[in-house]
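Chemist: First the structure, then my questions, so here it is.
Protein chains: 2
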Amino acid sequence: MAQKLIFTNLVIEAVDSLVADLGSPRVFVLVDMNTAHFVLPILKSQCKSFADATVITTLAGDSNKNVDSLQKIWKELSQGEATRNSVIINLGGGMVTDLGGFAAATFKRGIRFVNIPTTLLGAVDAAVGGKTGINFNGLKNEIGAFSEAEAVIISTLFFNTLPQQQLLSGYAEMLKHGLLDSDKTLADLLRYDIVTESAGSSDRLLRLIEESVNIKKNTVESDPTEKGLRRTLNLGHTIGHAFESFAMAHQSPVPHGYAVAWGLVVELILSRLKMDFPAETMQQFAAYVKENYGKFPLQCKDYPELIALMRHDKKNAVASEINFTLLSAVGSPHIDCTATEKEIIAALDLYQDM
Amino acid sequence: MAQKLIFTNLVIEAVDSLVADLGSPRVFVLVDMNTAHFVLPILKSQCKSFADATVITTLAGDSNKNVDSLQKIWKELSQGEATRNSVIINLGGGMVTDLGGFAAATFKRGIRFVNIPTTLLGAVDAAVGGKTGINFNGLKNEIGAFSEAEAVIISTLFFNTLPQQQLLSGYAEMLKHGLLDSDKTLADLLRYDIVTESAGSSDRLLRLIEESVNIKKNTVESDPTEKGLRRTLNLGHTIGHAFESFAMAHQSPVPHGYAVAWGLVVELILSRLKMDFPAETMQQFAAYVKENYGKFPLQCKDYPELIALMRHDKKNAVASEINFTLLSAVGSPHIDCTATEKEIIAALDLYQDM
Numbered sequence: 005m006a007q008k009l010i011f012t013n014l015v016i017e018a019v020d021s022l023v024a025d026l027g028s029p030r031v032f033v034l035v036d037m038n039t040a041h042f043v044l045p046i047l048k049s050q051c052k053s054f055a056d057a058t059v060i061t062t063l064a065g066d067s068n069k070n071v072d073s074l075q076k077i078w079k080e081l082s083q084g085e086a087t088r089n090s091v092i093i094n095l096g097g098g099m100v101t102d103l104g105g106f107a108a109a110t111f112k113r114g115i116r117f118v119n120i121p122t123t124l125l126g127a128v129d130a131a132v133g134g135k136t137g138i139n140f141n142g143l144k145n146e147i148g149a150f151s152e153a154e155a156v157i158i159s160t161l162f163f164n165t166l167p168q169q170q171l172l173s174g175y176a177e178m179l180k181h182g183l184l185d186s187d188k189t190l191a192d193l194l195r196y197d198i199v200t201e202s203a204g205s206s207d208r209l210l211r212l213i214e215e216s217v218n219i220k221k222n223t224v225e226s227d228p229t230e231k232g233l234r235r236t237l238n239l240g241h242t243i244g245h246a247f248e249s250f251a252m253a254h255q256s257p258v259p260h261g262y263a264v265a266w267g268l269v270v271e272l273i274l275s276r277l278k279m280d281f282p283a284e285t286m287q288q289f290a291a292y293v294k295e296n297y298g299k300f301p302l303q304c305k306d307y308p309e310l311i312a313l314m315r316h317d318k319k320n321a322v323a324s325e326i327n328f329t330l331l332s333a334v335g336s337p338h339i340d341c342t343a344t345e346k347e348i349i350a351a352l353d354l355y356q357d358m
Numbered sequence: 005m006a007q008k009l010i011f012t013n014l015v016i017e018a019v020d021s022l023v024a025d026l027g028s029p030r031v032f033v034l035v036d037m038n039t040a041h042f043v044l045p046i047l048k049s050q051c052k053s054f055a056d057a058t059v060i061t062t063l064a065g066d067s068n069k070n071v072d073s074l075q076k077i078w079k080e081l082s083q084g085e086a087t088r089n090s091v092i093i094n095l096g097g098g099m100v101t102d103l104g105g106f107a108a109a110t111f112k113r114g115i116r117f118v119n120i121p122t123t124l125l126g127a128v129d130a131a132v133g134g135k136t137g138i139n140f141n142g143l144k145n146e147i148g149a150f151s152e153a154e155a156v157i158i159s160t161l162f163f164n165t166l167p168q169q170q171l172l173s174g175y176a177e178m179l180k181h182g183l184l185d186s187d188k189t190l191a192d193l194l195r196y197d198i199v200t201e202s203a204g205s206s207d208r209l210l211r212l213i214e215e216s217v218n219i220k221k222n223t224v225e226s227d228p229t230e231k232g233l234r235r236t237l238n239l240g241h242t243i244g245h246a247f248e249s250f251a252m253a254h255q256s257p258v259p260h261g262y263a264v265a266w267g268l269v270v271e272l273i274l275s276r277l278k279m280d281f282p283a284e285t286m287q288q289f290a291a292y293v294k295e296n297y298g299k300f301p302l303q304c305k306d307y308p309e310l311i312a313l314m315r316h317d318k319k320n321a322v323a324s325e326i327n328f329t330l331l332s333a334v335g336s337p338h339i340d341c342t343a344t345e346k347e348i349i350a351a352l353d354l355y356q357d358m
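Chains W and F are the protein sequences, given in the same order.
Counting with our numbering, you get residues 5 to 358 for the letters of the first sequence.
Counting with our numbering, you get residues 5 to 358 for the letters of the second sequence.
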């Protein structure tokens, strides 16, 4: 029951033909306040499958990816007499696809769902891999299920209304996939200027996204329950999460994708120190990130707190060691690498000096 | 990842060796108020794996198989720092295994669980098939997931404290499995007196349960998502559910298993009328049910209400027809049989006259 990935900017046609393929079932559409306003009206006026659909609206934002929103969706499905044959279309960013996917996975022990990501991050990251869920007890994605969509329809149509910061946030995950894949893929990404080019050249962006999603898909498929290879996708995230949590704790939060971009740079430095990752590629990558994302405002006095945060990362089963995915070259990741505090500090120092 | 079925009355040894096989993880035990009182102390004092386990207690009864109890379990797992490696042991009847199985299936996107059913119905029915879930919005099992336990440990040890009515309720499902399987299996069941023999001959009962569970298991395995063969397990349930709902609506509820036993008799009559099911077997079966379960207090004036209830059964996709699993002989079930109102009324008339 592999999930179908449809890359197209002819979204209307794609949705209608998909719903017909699914046997023209009753359709429920999940939107948040943003997509209800910016995206739903377009589809509602042009898509046959949206015309008679029952719309369920949830509050926007990760803080609403919670058990209250989940119960509201369950209730509207139940009161709307959704059956095992019905289909939910999740129209939104990662919050909507995570929440709606989990609601679908658990309603009557599982009904079908389709994701239409409306953000770049959602398209690249959240819509593939079968991870659904909600935050609970103050913990991200504490409750959830592995459940794949029937199909994910990926287009760049809805990105025009996104703020630049959100585009860059999604692009950081694509850069990560490039590093995990090959010099060629990475070079294509570093040549593309997501900020200035994306409005005018959405087909080129769509092809870059397709490449990126397929890299993730191949990794996930070889390791559906996250025991081995899938953990290469943590590249950049040990340092990145520490930056993100640090910034949050000091009341100056940074977007997740920015933290990942900076984390990638530091982990490439660490890869250079420990695994002889090529210096030139490292510098090129760092220059692209600095140009587009700026730099994380790092000071030496912050090191102990950052290292403590890395230690508490949930990927670290043994608290005395700090775990990384590192690269010996572009396309050659190694999971379960450990680094000493001294090595991490050396990498952070080099990052500051760049 | 097939679920292991362990039939034994040496429960202590079975639990400890199973937990060792699972890598001696942290153990959480889910009990309800009843099993906390009657069963947990025995295991806690004798089982090594229970000695250090974290106990989570839920309220008893189907009305507490709800989202509040679910959230309480999620919270205690989260606060108890359960990891993906931890194991939940569900110790109780079908309510506990359904609820605990669903909590396990959704905590951190799925952790392992073991069922130890403490009722006959739980042993025969609820612990096999991977159905987990909760009631929601007034509907039974409206929310849930298909998720199999690592293992189910089935014993008759805990049945001594059960009221006779509960034993009979579970035995009705075993009778159904007998009808679906073979003349030999059915004859063994009709020769056994669950009320008087079960206290003294628990090993014989354990063998009968093993046979019964394997019948269900084979059916479920050939059809995990309930599209075809598995629906033979609905035998007796179209009429049975109508009896159960009718009795509930008239403020004189009957146990589920009793309604199923009576439903089986009426559906055998219908099988006789429509599919030439052997008369002698039908009469033998009806006599056993009458002797042990009595009769459903049926009157002709109740027919329209009963038929309306059958029409609204969730198994009936098309409301104008009423759907049954019927038998042309013991061991020869046919799904998707329809019967007219006239035929159903004829069967109910014959039931009244018996």
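Every residue gets a Cβ at the ideal spot worked out from N, C-alpha and C, and that includes glycine.
(1) Please classify W/P121 as buried or exposed, where buried requires at least 16 other C-beta atoms within 10 Å of its C-beta.
(2) Does DSSP classify F/A149 as helix, strand or coil?
(3) For W/G65, return the contacting residues in chain F, with the cut-off set at a CB-CB distance below 8 Å.
(4) In three-state terms, what does DSSP make of F/H260?
(5) With a floor of 3 residues, list each beta strand (DSSP E) that falls wholly inside the segment 134-190 of chain F, ordered by position along the chain.
(6) Could you tell me which whole beta strand (DSSP E) segments of length 3 or greater appear in the segment 261-347 of chain F?
(7) For W/C304, count the other beta carbons within 10 Å of its own beta carbon; 16 or more makes it buried, fewer makes it exposed. Which is it?
(8) Between which two residues does the alpha helix (DSSP H) holding F/I198 run?
(9) Within 10 angstroms of the Cβ of F/A253, are there 16 or more other Cβ atoms? Answer buried if so, exposed if not.
(10) Would you verify that the beta carbon of F/I147 is, or is not, closer than 7 Å to some beta carbon of chain W?
(11) Is the segment 76-94 of chain F close to the segment 24-42 of chain F, with three or more CB pairs under 8 Å?
(12) Are the CB atoms of W/G137 and W/E152 nearer to each other than 7 Å?
(13) Look at the alpha carbon of F/K52 and the alpha carbon of F/V59, and state the distance between them as a whole number of angstroms.
(14) Looking only at its chain, what residues have a beta carbon closer than 7 Å to the beta carbon of F/I311, apart from the 5 residues adjacent to it on each side?
(15) What residues in its chain sit with their C-beta under 7 Å from that of F/T3, if we drop five residues either side in the sequence?
(16) From what residue to what residue does the beta strand (DSSP E) around F/L212 run?
(17) Going by C-alpha distance, which of F/N70, F/E85, F/S82 is nearest F/T101?
(18) Can you find a CB in chain F that lies within less than 7 Å of the CB of W/F150?
(19) Relative to the alpha-carbon of F/D36, which residue among F/R235, F/N89, F/Q50, F/S67 has its alpha-carbon at the smallest distance?
(20) Which term fits F/H316, buried or exposed, when burial requires 16 or more other beta carbons within 10 angstroms of its beta carbon?
(21) Give me the chain F residues within the contact set of W/S82, using Cβ-Cβ distance strictly less than 9 Å, ordered along the chain.
(22) Going by the beta-carbon positions, is the gap between W/V148 and F/R113 smaller than 7 Å?
(23) From which residue to which residue does the alpha helix (DSSP H) around F/V71 run?
(24) For the segment 261-268 of chain F against the segment 232-247 of chain F, do three or more pairs of beta-carbon atoms, one drawn from each stretch, fall closer than 8 Å, so that the two count as touching?
(25) Note down, in chain order, every chain W residue with its Cβ under 8 Å from the Cβ of F/A109.
(26) Do you know whose CA, among F/T160, F/H245, F/K221, F/A109, lies nearest F/F150's CA?
(27) Thinking W/L194 and W/Q288 are a contact (beta carbons under 8 Å), I'd like their distance in whole angstroms, please.
(28) Hey, could you find the ends of the alpha helix (DSSP H) W/N38 is sitting in?
(29) Which residues in chain F sit within 7 Å of W/K79, going by Cβ to Cβ distance?
(30) Taking Cβ-Cβ distances shorter than 9 Å, what residues in chain W pair up with F/G114?
(31) Considering only C-alpha positions, which residue in the set F/I339, F/V15, F/T160, F/N141 is nearest to F/K48?
(32) Alpha carbons only, please: which of W/S256, W/E325, W/G27, W/T61 is nearest the one belonging to W/A40?
(33) Mapping DSSP to helix, strand and coil, what is W/R113?
(34) Residues in the same chain with beta-carbon distance under 6 Å from W/V293, minus the five sequence neighbours each way, listed in chain order, please.
(35) What does the alpha-carbon distance come out to for the pair F/L331 and F/L190?
Modeler: Let's see:
(1) Position 117 of the first sequence, counted from the first residue, corresponds to residue 121 of chain W. By the 10 Å Cβ count, W/P121 comes out buried.
(2) Indexing the second sequence from 1 puts residue 149 of chain F at position 145. The answer is strand: DSSP assigns F/A149 an E or B state.
(3) As a working note, residue 65 of chain W is residue 61 in the first sequence. Ordered by position in chain F, no residue passes the 8 Å Cβ test against W/G65, which lies about 21 Å from the chain.
(4) As a working note, residue 260 of chain F is residue 256 in the second sequence. F/H260 falls in the helix class under three-state DSSP.
(5) If only uninterrupted beta strand (DSSP E) runs of at least 3 residues are considered, those enclosed by the segment 134-190 of chain F are 135-140, 143-150, 155-158.
(6) Whole beta strand (DSSP E) segments, 3+ residues: 326-333, 336-343.
(7) Position 300 of the first sequence holds residue 304 of chain W. Burial is judged here by how many other beta carbons sit within 10 angstroms of a residue's own beta carbon; W/C304 has fewer than 16 and is exposed.
(8) For this step, residue 198 of chain F is matched to residue 194 along the second sequence. Under the DSSP assignment, F/I198 falls in the alpha helix (DSSP H) whose first and last residues are 198-201.
(9) Start at 1 with the first residue of the second sequence, and residue 253 of chain F comes out as number 249. With fewer than 16 other Cβ atoms within 10 Å, it is exposed.
(10) The residue you call residue 147 of chain F lines up with position 143 of the second sequence. Output row for F/I147: interface = yes.
(11) With the rule of 3 Cβ pairs closer than 8 Å, the segment 76-94 of chain F counts as touching the segment 24-42 of chain F.
(12) For this step, residue 137 of chain W is matched to residue 133 along the first sequence. For this step, residue 152 of chain W is matched to residue 148 along the first sequence. With respect to the 7 Å criterion, W/G137 and W/E152 are not classified as neighbours on the basis of their beta carbons.
(13) Residue mapping note: residue 52 of chain F aligns to position 48 of the second sequence, counting from 1. Residue mapping note: residue 59 of chain F aligns to position 55 of the second sequence, counting from 1. F/K52 and F/V59 have their C-alpha atoms roughly 14 Å apart.
(14) Residue 311 of chain F sits at position 307 when you count from the first residue of the second sequence. Only E345, I348 meet the Cβ criterion.
(15) Lying outside 5 to 358, the shown extent of chain F, residue 3 of chain F is not represented and no answer is given.
(16) Position 208 of the second sequence holds residue 212 of chain F. No beta strand (DSSP E) holds F/L212; the alpha helix (DSSP H) holding it covers 206-225.
(17) Translated into positions along the second sequence, residue 101 of chain F becomes position 97. The residue with the shortest Cα to Cα distance from F/T101 is F/N70.
(18) As a first step, residue 150 of chain W must be located in the first sequence, where it is residue number 146. Residue-level contact by beta carbon holds for W/F150 and chain F, with a gap shorter than 7 Å.
(19) As a working note, residue 36 of chain F is residue 32 in the second sequence. With distances taken between Cα atoms, F/D36 lies closest to F/S67.
(20) Residue numbering aside, residue 316 of chain F sits at position 312 when the second sequence is read from its first letter. Under this definition F/H316 is an exposed residue.
(21) Working through the first sequence from its first residue, we reach residue 82 of chain W at position 78. Under the 9 Å cutoff, chain F gives F140, N141, G142, L143, E146, I147.
(22) Residue mapping note: residue 148 of chain W aligns to position 144 of the first sequence, counting from 1. Residue mapping note: residue 113 of chain F aligns to position 109 of the second sequence, counting from 1. Note that residue 148 of chain W is Gly in the sequence shown, not Val. In this structure, W/G148 lies near F/R113, with their beta-carbon atoms less than 7 Å apart.
(23) Position 67 of the second sequence, counting from 1, holds the residue named residue 71 of chain F. Per DSSP, F/V71 is one residue of the alpha helix (DSSP H) stretching across 71-83.
(24) Yes, since at least three Cβ pairs between the segment 261-268 of chain F and the segment 232-247 of chain F fall closer than 8 Å, the two stretches touch.
(25) What you label residue 109 of chain F is simply residue 105 of the second sequence in a count that begins at 1. Neighbours of F/A109 on chain W, chain order: A149.
(26) On the second sequence, residue 150 of chain F is found 146 positions in, with the first residue counted as 1. The option with the nearest alpha carbon to F/F150 is F/A109.
(27) For the purposes of this step, residue 194 of chain W is taken as residue 190 along the first sequence, with counting starting at 1. For the purposes of this step, residue 288 of chain W is taken as residue 284 along the first sequence, with counting starting at 1. In this structure W/L194 touches W/Q288 by the C-beta definition: roughly 6 Å separates them, less than 8 Å.
(28) Within the first sequence, the letter at position 34 stands for residue 38 of chain W. Where W/N38 is concerned, the enclosing alpha helix (DSSP H) stretches over 37-42.
(29) On the first sequence, position 75 is the one that residue 79 of chain W refers to. Listed along chain F, the residues sitting closer than 7 Å to W/K79 by beta-carbon distance are N141.
(30) Translated into positions along the second sequence, residue 114 of chain F becomes position 110. Within chain W, the residues near F/G114 are G148, A149, F150, T229.
(31) Numbered from 1 along the second sequence, position 44 holds the residue referred to as residue 48 of chain F. Closest by alpha carbon: F/V15.
(32) Indexing the first sequence from 1 puts residue 40 of chain W at position 36. When the alpha-carbon of W/A40 is set against those of W/S256, W/E325, W/G27, W/T61, the nearest one is in W/T61.
(33) Position 109 of the first sequence, counted from the start, is the residue given in the question as residue 113 of chain W. Here W/R113 sits in coil by DSSP.
(34) Taking the first residue of the first sequence as 1, we reach residue 293 of chain W at position 289. Cβ within range, chain order: A265, V269.
(35) Position 327 of the second sequence, counting from 1, holds the residue named residue 331 of chain F. Position 186 of the second sequence, counting from 1, holds the residue named residue 190 of chain F. Looking at the two C-alpha atoms, the distance is approximately 14 Å.
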